[in-house]
Every structure is written in C-alpha cells, then in structure tokens.
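>
Protein chains: 2
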Amino acid sequence: MQQLIFTNDVATALSTVARGKHYNRIFVLVDENTSREVLPHVQCDAIAGAHVITIPAGDTHKNIDTLTQVWTELDNNGGTRHSLLINLGGGVVTDLGGMAAATFKRGIDFVNCPTTLLSAVDAAVGGKTGINFNGLKNELGVFREADAVIISTCFFATLPVSELKSGYAEMLKHGMLDSEDEFARLLGYDIQQASLDQLLSLLETSVKVKQRIVEQDPHEKGLRRALNLGHTVGHAFESMAMHRGKPIPHGYAVAWGMVAETVLSHMKMKMASASLQRLAQFVRDNYGAFYITCDDYPELLNYMHHDKKSVQGEINCSLLRSCGDIETGVTVTDDDMKAALDIYRDLMGI
Amino acid sequence: MQQLIFTNDVATALSTVARGKHYNRIFVLVDENTSREVLPHVQCDAIAGAHVITIPAGDTHKNIDTLTQVWTELDNNGGTRHSLLINLGGGVVTDLGGMAAATFKRGIDFVNCPTTLLSAVDAAVGGKTGINFNGLKNELGVFREADAVIISTCFFATLPVSELKSGYAEMLKHGMLDSEDEFARLLGYDIQQASLDQLLSLLETSVKVKQRIVEQDPHEKGLRRALNLGHTVGHAFESMAMHRGKPIPHGYAVAWGMVAETVLSHMKMKMASASLQRLAQFVRDNYGAFYITCDDYPELLNYMHHDKKSVQGEINCSLLRSCGDIETGVTVTDDDMKAALDIYRDLMGI
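As they're listed, the protein sequences go chains A and B. According to this note's numbering, the stretch in the first sequence is residues 8 to 357, in order. According to this note's numbering, the stretch in the second sequence is residues 8 to 357, in order.
Here it is in structure tokens:
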C-alpha cells in the first residue's frame, strides 16, 4: 500500500521514509534543474549520505539512454535489491526514475517527491512509470506504485504561473470526477494569486480522488479510464499544436479539452448546463482559448480516431451525468464531436 | 492466474491460447536456432498470421540491444496493448521476451513455450523476467508471470543429453523440496535413456512444485529462497569455472552444489545420511564430479560471501531436515562450509 505524505517539511518526511527500512544505500534522482533549485532545500541525513544521480532536464531526455545512465549509476555505486531510490523532480524524473527502480534487480523501493504541481497531482501517484521510445510517448514502462509519495507545495513558489495552471487543470478534472462540492471549491480558488497553504489542502483532496480511482482499477481496465476526462479532445489539440510547431502545455490542452467534453456530457448525458457554463468561464478567464476553426475538424477527428484509448478506431470519451457520476468508454460519433467543437468555440468566444 | 498446459500437441495448445482473447496482433519470439528447429513443427493458425521476431542465440545476446530490437519490432509491426507475444525458445528467449512483454506499453500478454528442459523446469514459470546488464546476470527485469506456459517434451528429442541432464538437476531439486517419494521417483528415472512421455509426467509434478512455492512467495521474501537449494555452492563452482575459462553447464553446477549442500543439511539439520548417499551416487553416475582441492576453498568462499543471496556478507543456504521439510536462510560459517566441501570430495571420489 502506497504511503501518501502531505507536508511542507519535506526534509523530515524524507528522513522518516528512509529510516523506515534498513536500506543499505540511498540514491537520489534529480535533473539539472532540481539539482540546483530543490536539492539544497531538502538536506537531511537521508540525503546527506545518498548518491545523487543527475539527468538532463526535459521530456526529450525521457528515453532509453537516460534510463541506461540511471541503471548504470545504481549498479556502479553499490545499489542492491535493498537500496532506495528517491525521485526528486517533475514528471520526467518520477516516470523515468519509477521505471528504473521497478526494473533494477527486478524492483527496488522508490519514493516520489514531485516538484511541480502537474507531477504532484498526476504523475507521482497511480503507478504509471515509463519512458518515450521510437517517437511515442510513454511507450515503455510498467505499472508499479511508489512505496511513498511526499507531496508539498513549498517547491511551487518559484514555478511560473503557467506551470501552476497546467497542473491545476488536472485538479479541476479530479474535482469534476469527485463531486459538485469539490468542483465548486476548486472554481473558487484564485490560481493567479496562489496561496500555497490553501493549495496543499486542495491538492490533498485531489490526489486522494485519483488514488481512490486507481485502487479500484490499477491496470486501467475500466473505471480508471475516468481519468481520461478531457484528454480525448485535449490530446488532439496537443497533437495539432505540436504538428504546427507551436506546442501548448499539457494542462492547458486538458482544460480546453474538458470544456469540449463537458459539452458532450451535456448533449449526451444531460449534465446540467450551469456546470458547463461555470467551467467554461473559469477556463476562459484563466487559460484563454485554443483557437480552432471548422477547417481544423478533419485533422482533430483523425487524431481522436488514432488515440491509444480508441478501440477499433471509434472515438471514446469518459463523460459525466453530473460531477461524481461517471460513464467511461462512451462512443462518440464524428457528428457529435463536430457539434461539441462548435459549441466549444461559442463558449470560448472564438 | 497463470495457465499451465502440459501437452505433446503444442500447435493445438497455441491455437487455443491465442483464441482465448481477441488479440489484434500476435508476435512470436524465436532465436536463430528455434526459428530453424522448432518453429516449422508448431505451425497453426495462431502462428501463421503472426509476426516472427528472430533474435541471435545465446546468453551473450540477452542484453539491452536485443531487448531494444524486440521493442522496436513490436512497435513497427502494429503491436498494441491488445497484442500477444509467444516466446518460443530456451531461457534467453523466455526471460528476455518476458521482460519485453512486461514493459511494452506497460505490459502486454505473453505465453512461454520453453524448448529446453532447463527453461521448462526453471525459467518459464515463476515470473522472473530479465536481461544481463553491466556484466551482471539478470541485473534488469521485473516479476511478471506469463499468462500461459505450454510445456512439452517433444522438443527435447534432438537436445544433447548434457542439456537434458542440466535441466534434470533442477527437477531433482524440486523433488527434494517436495517429498521423499518424489525424490525417489526421480532417482529411479534413467536420464541417459530418456523416455520423453515419462519425462513429461515427471516434469508436470516438478513444475507444479515450483509453482506452489512461487505462489506463496512471488517476490522472493522468504519461502521462495528454498528454490536456491544447491545454488549457493553451485554458483560458486560456476563462477570459479568461468573465471578459469572452462565454463560448466548451470545444471551440472547445481547438481554438484546440491551434494555439498545436502552434506550441510546432514551436518546441521540432521538430514538422514541415506538420502545424501543416494543423491551423491546419482550425481556421480550421471554428472561425474567437479574437481576441487582444498587450495580452491578460499576462492570458493569468496564467491559465496559475495553471492547476491548473501546478507551482510554471511553465507546463506536453504537446507533440509528431510525431503519436503525446508529451512531457508540458514547461516553457514566458513568452517562448516569447508567441512562440507571435504565430505563432498570424499563422496565424489576426488
């Protein structure tokens, strides 16, 4: 069972976790950024005696070469099956470090300590580890939960507000999957003037929503697909933007995708129009709009038909009757999707 | 739950397994030898439509380069999370193929079809997948059981008798872990004049002994260490032989190691001397002896202290009070081990 620790005293939490078992060697995985910006602020006995492995920053380095570097450093610095790996960084560090730990000597203990809001809310819990391969995102990996996840907002003070917003979109998603109350609480928070203490409390609820879903369906056979809310359209937006050489942050794509898919929930599942209006306004105010015209529809539909969530080429979405009342694997026709994109454009004022 | 199929009609078994789920694509992994010697004899609808991945034969190719080749071929030939990989070969193919399947898109279904006695009795069940890395055996991998294992002795007719004996040593080990009756049944079989039908029946019992142990302790925290019987001394023999440029087959090393460790069981656990004598005679008659003198003891002890099963540098063995009555993790002093090696030499007539 994965231990989840919410704290603003990360050094103490790390010490406690590291002392929990008799590890013969502790390793810390950081990237060039967290090595400089984060590592000096979490010094404690666990870290002081550890071997630090530093990898290059950025998603382009989430690959087999970097993974091989981590395996080699574990091997050449006394790593055994009784060693611990602490992943201190964003999604690249926790995904790649998780895969390294899960495969080194058939699996050693690892702790995730996410340093971005997106990795805290999304990548650090749920057991999805992995790397990119052969031009495909997260193509290789295993399902393996971290033994502990230490979640703190203290690292976020220096993050750009766009990064905070990107992570917040995933929190909004969890709020919609949880309940009307949680959704309303999230819409009431001012992400532009973020209070980090308040954010820690919201984050705790949000991560636990995800954990509850993952526990019921660890290998994504059913309910876990609920976590794809907003991602069918969101990924298509992301792919189109990438293809045009103007990439957009993942969280922004999810926020815009959630608006389009909530239109579908309203159309097909009779979700209340008031929820859709509130969501659309929050997204417009905080994320602006992703600009599309009806000329873009064929390209977007093509991405959706080839999405890895698609079964036999049909477009699949997770939709809501109301916040907390989820239907996964709903088949959506091209005409429904086009109608939803029309209404998305109206709501976004484009 | 892993499906175990014992049959001499492999083609039908493969068809049945492949039809069990709606796989969108089937892959068969073979090495250069099984591609030529085995694949033509298991033709069926499942194989006919499959993409065949051929890797170089031999343990030196059980590495990250070959694994990358397999991942790439899965990717470039329509592999999805709904695909099936059939591993048709010896231990290298089942270990490496298992790891490829366990990590491709976070895990696809795979079937092991072992073509050597050693891989049938040992590598194809138990969930240990892996590759060599950085000069170390099975350094990377995950625990993941095959969805089905198809075990047949029909591939063994063309194997050299030394290969059969190598696998048979692991069967003897399972017999000792199981019961006096099973041990006696195995000692009564004539491996030099192998009847393959009779061997299939012995093999079925043997594999189920291992499966029963693995089910109780999948991640090798306790009871599973019983499967290391004979391996503490056996690995030391293997390492010494390798170091001297005269490698010995793994199974032979285990057979000789079991004699030495059964001496320890007699010395420390009061195992009956008659069992020891019967084992020693069978091993001497079928495997000859591994020649050592007391000048070799320091080197052998050094290997045992650095064995990956060793905890804090102490020598650990799994010992028996009688066949079926196991004690794992018994600490053995250097003096005990030297005494056991003395008696091993007496019993082997060297």
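Positions of the beta carbon are idealized from the N, C-alpha and C atoms, including for glycine.
I'd like to know if B/Arg113 contacts chain A, where contact means its C-beta is closer than 8 Å to some C-beta of that chain.
By 1-based counting over the second sequence, the position of residue 113 of chain B is 106. It does; some Cβ of chain A falls within 8 Å.
> What residues in the segment 21-37 of chain B have a beta carbon less than 7 Å from any beta carbon of chain A?
From the segment 21-37 of chain B, no residue has a Cβ closer than 7 Å to chain A.
> What residues from the segment 65-76 of chain B come within 8 Å of chain A, judged by C-beta to C-beta, listed N to C?
Cβ contacts with chain A come from Ile71 and Thr75.
> What does a CB cutoff of less than 8 Å around B/Ser186 pick up in its chain, not counting 5 residues either side in sequence?
Taking the second sequence and counting its residues from 1, one reaches residue 186 of chain B at position 179. Within the same chain, B/Ser186 has close Cβ partners Cys330 and Gly331.
> Taking the CB atoms as reference points, tell me whether A/Ser90 and A/Thr61 lie closer together than 8 Å.
Indexing the first sequence from 1 puts residue 90 of chain A at position 83. Indexing the first sequence from 1 puts residue 61 of chain A at position 54. The answer is no: Cβ separation not under 8 Å.
> Please decide whether B/Leu147 counts as near chain A, where near means a Cβ-Cβ distance under 8 Å.
Position 140 of the second sequence, counting from 1, holds the residue named residue 147 of chain B. Yes, its Cβ sits closer than 8 Å to a Cβ of chain A.
> Run through chain B and tell me which residues come within less than 9 Å of A/Lys135, C-beta to C-beta.
Locating residue 135 of chain A in the first sequence gives position 128, where the first residue counts as 1. Here the neighbours are Arg113.
> Tell me which residue opens and which closes the beta strand (DSSP E) that A/Lys144 is part of.
Counting from one through the first sequence, the residue named residue 144 of chain A turns up at place 137. First-last of the beta strand (DSSP E) with A/Lys144: Leu143 to Leu147.
> Would you tell me roughly how many angstroms separate the C-alpha atoms of A/His238 and A/Asn145, rounded to the nearest one?
As a working mapping, residue 238 of chain A is identified with position 231 in the first sequence. As a working mapping, residue 145 of chain A is identified with position 138 in the first sequence. The alpha-carbon atoms of A/His238 and A/Asn145 are separated by roughly 15 Å.
> Along chain B, in chain order, which residues have C-beta atoms closer than 8 Å to that of A/Ala109?
The residue you call residue 109 of chain A lines up with position 102 of the first sequence. Near A/Ala109 (Cβ distances below 8 Å), the residues of chain B are Val149.
> I want to see whether chain B comes within less than 8 Å of A/Thr79, judged by CB atoms only; does it?
Taking the first sequence and counting its residues from 1, one reaches residue 79 of chain A at position 72. Cβ-Cβ to chain B under 8 Å: yes for A/Thr79.
> Based on Cα-Cα distance, which residue from B/Asp197, B/Glu189, B/Gly229 and B/Glu227 lies nearest to B/Val214?
Start at 1 with the first residue of the second sequence, and residue 214 of chain B comes out as number 207. Closest by alpha carbon: B/Glu189.
> Quick one: what's got a C-beta closer than 6 Å to A/Ser126's C-beta in the same chain, skipping five residues either side?
Residue 126 of chain A sits at position 119 when you count from the first residue of the first sequence. For A/Ser126, where only same-chain residues beyond five positions count, the Cβ hits under 6 Å are Gly97, Gly98 and Thr101.
> In terms of residues, what are the limits of the alpha helix (DSSP H) holding B/Ser329?
In the second sequence, residue 329 of chain B corresponds to position 322, counting from 1. No alpha helix (DSSP H) contains B/Ser329, which is instead part of the beta strand (DSSP E) from Ile322 to Ser329.
> Which residue marks the beginning of the beta strand (DSSP E) containing B/Glu333, and which one marks its end?
Counting from 1 along the second sequence, the entry for residue 333 of chain B is found at position 326. It is worth fixing the name first, because residue 333 of chain B is Ile in this sequence and not Glu. Per DSSP, B/Ile333 belongs to the beta strand (DSSP E) from Asp332 to Val339.
> Going by DSSP, what residue range makes up the alpha helix (DSSP H) through B/His312?
Reading the second sequence from its first residue, position 305 is the one you call residue 312 of chain B. Where B/His312 is concerned, the enclosing alpha helix (DSSP H) stretches over Tyr304 to His312.
> Please report the distance separating the alpha-carbon of A/Gly320 from that of A/Met311.
For the purposes of this step, residue 320 of chain A is taken as residue 313 along the first sequence, with counting starting at 1. For the purposes of this step, residue 311 of chain A is taken as residue 304 along the first sequence, with counting starting at 1. Near 8 Å, if we compare the C-alpha coordinates of A/Met311 and A/Gly320.
> Tell me the DSSP secondary structure of B/Leu91 in three-state form.
Here residue 91 of chain B refers to the residue found at position 84 of the second sequence. Three-state DSSP puts B/Leu91 in a strand.
> In three-state terms, what does DSSP make of A/Phe297?
For the purposes of this step, residue 297 of chain A is taken as residue 290 along the first sequence, with counting starting at 1. Coil, per DSSP.
> Name the DSSP bridge partner or partners of A/Thr61?
Counting from 1 along the first sequence, the entry for residue 61 of chain A is found at position 54. Beta-bridge pairing links A/Thr61 to A/Val37.
> Identify which residue in A/Phe297, A/Leu74, A/Tyr298 and A/Gly264 has its Cα closest to the Cα of A/Leu283.
Counted from its first residue, the first sequence places residue 283 of chain A at position 276. Considering only alpha carbons, the answer is A/Gly264.
> Out of curiosity, what's the CA-to-CA distance linking A/Leu209 and A/Leu171?
Taking the first residue of the first sequence as position 1, residue 209 of chain A is located at position 202. Taking the first residue of the first sequence as position 1, residue 171 of chain A is located at position 164. The alpha-carbon atoms of A/Leu209 and A/Leu171 are separated by roughly 13 Å.
> Kindly confirm or deny that the segment 328-347 of chain A and the segment 296-314 of chain A touch, where touching means at least three C-beta pairs closer than 8 Å.
Yes: at least three Cβ pairs fall under 8 Å.
> B/Asn83: buried (16+ other C-beta within 10 angstroms of its C-beta) or exposed?
Residue numbering aside, residue 83 of chain B sits at position 76 when the second sequence is read from its first letter. When all chains shown are included, B/Asn83 counts as exposed.
> Take B/Val59 and list the residues in its own chain whose beta-carbon comes closer than 6 Å to its own, dropping the five residues that flank it on each side.
Mapped onto the second sequence, residue 59 of chain B falls at position 52. Same-chain partners within the cutoff: Val35.
> Is it a yes or a no for the segment 247-260 of chain A touching the segment 294-307 of chain A, going by three-plus beta-carbon pairs under 8 Å?
Verdict: yes, contact present.
> Please report the distance separating the alpha-carbon of B/Gln200 from that of B/Pro167.
To locate residue 200 of chain B, count along the second sequence from 1; it is residue 193. To locate residue 167 of chain B, count along the second sequence from 1; it is residue 160. Answer to the nearest angstrom: the Cα atoms are 12 Å apart.
> For B/Pro121, which three-state DSSP category applies?
Here residue 121 of chain B corresponds to residue number 114 of the second sequence, with the count starting at 1. In the structure shown, B/Pro121 sits in a strand (DSSP, three-state: E or B).
> Output needed for B/Leu327: all residues of its chain with C-beta closer than 7 Å, excluding positions within five of it in sequence on either side, in chain order.
The residue labelled residue 327 of chain B in the question sits at position 320 within the second sequence. Answer for B/Leu327: Met183, Ser272, Met276, Met278 and Ile333, listed in chain order.
> According to DSSP, is B/Gly5 helix, strand or coil?
Nothing in the structure corresponds to residue 5 of chain B, since chain B is present only between 8 and 357.
> At a Cβ cut of 9 Å, what residues of the segment 232-248 of chain B count as close to chain A, listed as they run along the chain?
Here the close residues number zero.
> Short check: CB of A/Gly86 to CB of A/Arg26, under 8 Å?
Stepping through the first sequence from its first residue, residue 86 of chain A is reached at position 79. Stepping through the first sequence from its first residue, residue 26 of chain A is reached at position 19. Against a cut-off of 8 Å, the Cβ pair of A/Arg26 and A/Gly86 comes out as no contact.
> Between B/Gln284 and the ligand FMN, is the CB less than 7 Å from at least one heavy atom?
Of the ligands one can find in the structure shown there are none, so the ligand FMN has no counterpart to examine.
> Which first and last residues belong to the alpha helix (DSSP H) in which B/Ile12 is found?
Here residue 12 of chain B is taken as the residue at index 5 of the second sequence, counted from 1. No alpha helix (DSSP H) contains B/Ile12, which is instead part of the beta strand (DSSP E) from Gln10 to Phe13.
> Below 8 Å between beta carbons: does that hold for B/Leu147 and B/Ile138?
Looking up residue 147 of chain B in the second sequence gives position 140. Looking up residue 138 of chain B in the second sequence gives position 131. Yes, Cβ-Cβ distance for B/Leu147 and B/Ile138 is below 8 Å.
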